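Only one structure is covered here, and it is reproduced in the block below.
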Amino acid sequence: MQRGSWVLLLAALAAACQEAPVPPGKALVVASFYPMYDFSRQVAGDRAEVVSLVPPGVEPHDWEPSPQELIEVHKARFLVYNGAGFEPWVDKLLRDTTDKKIVAIETTRGLDLIPATAKRTGAVDPHVWLDPVLAQSQVEAIRDGLARGDPANAAGYEHSARAFRTRLAELDTAFAAGLRDCEHRDIVVSHASFAYLAQRYRLTQVAVMGVAPESEPSPTQLAAIANLARSRRVTYIFFETLVSPRLADTLAREIGARTLVLNPIEGLTKEEAAAGKDYIGLMEANLRSLRTGLRCR
Ligand SMILES: [Zn+2]
0 MQRGSWVLLL AALAAACQEA PVPPGKALVV ASFYPMYDFS RQVAGDRAEV VSLVPPGVEP
60 HDWEPSPQEL IEVHKARFLV YNGAGFEPWV DKLLRDTTDK KIVAIETTRG LDLIPATAKR
120 TGAVDPHVWL DPVLAQSQVE AIRDGLARGD PANAAGYEHS ARAFRTRLAE LDTAFAAGLR
180 DCEHRDIVVS HASFAYLAQR YRLTQVAVMG VAPESEPSPT QLAAIANLAR SRRVTYIFFE
240 TLVSPRLADT LAREIGARTL VLNPIEGLTK EEAAAGKDYI GLMEANLRSL RTGLRCR
């Protein structure tokens, strides 16, 4: 091949590479983890393609995208994430990205966040999605972001967001009514993910672990939690599906309580994904667990 042809070929390849991030047809929305995926899917409908970065069965705290998954992000027009420190890799990704066309939607921006109980100063609790009222604000942020980056479909996003917000408002009504009259108001949970839900419905969260599920308690801390649970006559210990129930089981045996699932909905198990479970369905199951565990009328 002559030198001129090489130059032409390289120029053509360079042009093709520049065009590669723009997918044909629908806009690609990359959501960081499950609740962001489900909320985005509800708002996008069939107007955009929504994918989740964290796959089913994986606990998203401390998860980091692989180089392959980063390529997926660079193909997207939208990146939807929780913020509040839950996805520390996003800041670096947005700093490094050369594709300025990507619309980054931080769904907790501007919300009143609860300080994390951990020692790190300035850290906030990221588990905003477990409050059906704040979840509506997250849906609004997604609606506004999608409309900004894809104005041709703005009316459609508005329509779908309104429908989903109505379902979240109904969920809030069901929680408020279902948890109004209960014998207990203390929830002993494995990792501290229910502060926003507890604040909304006047419950007290007692967490065996910290804000992240891998921060295990010392034997002294565990004994203190057992004493507290005994003194408040707790009859159920709540545990979650994506981390081992070992600690919850130990604690329950120790104080003669039983265990129930309370799902922080940070990701679906493979079984939940296969069964077509979604945020609303899992929250309804959470309400049933709470009503049983707290003996609500
Ligand atoms: Zn968590």
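Number 89 in numbering that gives the first Met the number 0 belongs to position 90 of the sequence shown; there are no gaps in the numbering. Note that CB positions come from ideal geometry on N, CA and C, so glycine has one too. These numbers were taken from a predicted model, which means no experiment stands behind them.
Please name the residue, chosen from the options, that lies closest to residue i on a Cα-to-Cα basis.
i, options, result
"L77", "E63, R46, H60, A83", "The residue asked about is misnamed: residue 77 is Phe in this sequence, not Leu. Comparing Cα-Cα distances from F77 to each of E63, R46, H60, A83, the minimum goes to R46."
"F32", "G82, I236, G44", "G82"
"L250", "R179, T219, Q41, R40", "T219"
"W62", "Q41, P87, A75", "P87"
"R231", "E169, F85, R184", "R184"
"T203", "P212, V233, P216", "V233"
"Q135", "A153, D171, P54", "D171"
"G44", "Q198, Y80, V205, A160", "A160"
"E265", "G275, P59, E48", "P59"
Rounding to the nearest angstrom, what Cα-Cα distance links residue i and residue j in this structure?
i, j, result
"H158", "Q137", "16 Å"
"P20", "V72", "Reliability of the predicted coordinates at P20 is poor, the pLDDT of 45 falling under 50, and the value obtained from them is presented with this limitation in mind. If I take the Cα positions, the gap works out to 9 Å."
"L69", "L52", "9 Å"
"D37", "Y278", "7 Å"
"D124", "G24", "38 Å"
"T96", "P66", "13 Å"
"L110", "V127", "9 Å"
"G222", "V89", "The sequence shown places Ala at residue 222, not Gly. In a straight line, the C-alpha of A222 is about 38 Å away from that of V89."
"F238", "A151", "44 Å"
"S243", "E283", "22 Å"
"V188", "D149", "41 Å"
"P216", "R164", "38 Å"
"R309", "V260", "Residue 309 lies beyond the stretch modelled for the chain, which goes from 0 to 296, so this question has no answer here."
"A194", "L112", "10 Å"
"Q41", "A274", "18 Å"
"G280", "P55", "16 Å"
"N262", "L196", "12 Å"
"K91", "V79", "15 Å"
Mapping the DSSP letters down to three states, classify residue i as helix, strand or coil.
i, result
"L78", "strand"
"D61", "coil"
"I186", "strand"
"Y235", "strand"
"R199", "helix"
"P218", "helix"
"I254", "helix"
"A206", "strand"
"V42", "helix"
"V29", "strand"
"L267", "coil"
"V123", "strand"
"S51", "strand"
How about residue i and residue j: are their beta carbons less than 8 Å apart?
i, j, result
"T240", "T258", "no"
"V200", "A176", "Per the sequence shown, residue 200 should be read as Tyr rather than Val. Not closer than 8 Å, so no."
"I101", "G144", "no"
"A225", "I254", "yes"
"E182", "R287", "no"
"S192", "L246", "no"
"V28", "S39", "yes"
"R166", "Y156", "no"
"L178", "L289", "yes"
"T107", "M35", "no"
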